[in-house]
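The structure under discussion appears below in the form of structure tokens.
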Amino acid sequence: MLVLLPAFLRPPATVPAATATTTHLTQDENASVHRSSSDDGDRPSYYERNRDKVRENQRRYRESNREKIRAINKAHYRKNRAKITKHNRGRWLQKQAMISTAADMNTINAPEQQRQHPPAATHKMRLTLLLNPVSE
1 MLVLLPAFLR
11 PPATVPAATA
21 TTTHLTQDEN
31 ASVHRSSSDD
41 GDRPSYYERN
51 RDKVRENQRR
61 YRESNREKIR
71 AINKAHYRKN
81 RAKITKHNRG
91 RWLQKQAMIS
101 TAADMNTINA
111 PEQQRQHPPA
121 ATHKMRLTLL
131 LNPVSE
């Protein structure tokens, strides 16, 4: 039975040894073939050389496509509204939790502070002390 396989599933064809020759490059030739922009040494990048021109082009693109960019952002928001809302709600809840823990810490520390410093006497307290003196 003959089964036809797609090209990516077929085993690689065997190449006769006589036709399969490999070329070995010297180190200098290999370096010249694989030269990248990072090999340029101290030469600044395109952006650094043309910074003003690039920034001007970016500004013009933003201005000319402002409505298009807004539409894209709005569509992104509409598409991901549930995720964005969930994220914002999570952040808000984290902030509220931090605020409540800070408030709890203040209330825990408050009785200690009151014990250290008695509250200032009010008029009613003074009157009560005058009418009902404390005997020790």
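Taking the UniProt record's numbering, the leading residue of the sequence shown gets 1, the next gets one more, and so forth.
Backbone N, C-alpha and C define an ideal beta-carbon position, used for all residues, glycine too.
Alpha carbon to alpha carbon, what distance is there between residue j and residue i?
| i | j | result |
| --- | --- | --- |
| N80 | G41 | 44 Å |
| D52 | R91 | 38 Å |
| K83 | K95 | 18 Å |
| R89 | I99 | 15 Å |
| residue 159 | A97 | In the structure displayed, the chain extends from 1 to 136; residue 159 sits before or after that span and is not available. |
| T85 | Y77 | 10 Å |
| N65 | Q58 | 11 Å |
| residue 172 | R60 | Residue 172 lies beyond the residue range present for the chain, which begins at 1 and ends at 136; the question has no answer from this structure. |
| R43 | A75 | 42 Å |
| N106 | Y47 | 53 Å |
| E56 | E67 | 19 Å |
| A103 | S45 | 53 Å |
| T101 | R126 | 37 Å |
Just checking my contact of residue i with residue j at CB under 8 Å: how many whole Å lie between their CB atoms?
| i | j | result |
| --- | --- | --- |
| I72 | R62 | Incorrect: roughly 12 Å between the Cβ atoms, too far for contact. |
By Cβ distance, which residues of its chain are closer than 8 Å to residue i, with the 5 residues on each side in sequence left out?
| i | result |
| --- | --- |
| L131 | none |
Please classify residue i as buried or exposed, where buried requires at least 16 other C-beta atoms within 10 Å of its C-beta.
| i | result |
| --- | --- |
| P133 | exposed |
In its own chain, which residues sit with a C-beta less than 6 Å from the C-beta of residue i, not counting the 5 before and 5 after it?
| i | result |
| --- | --- |
| H87 | none |
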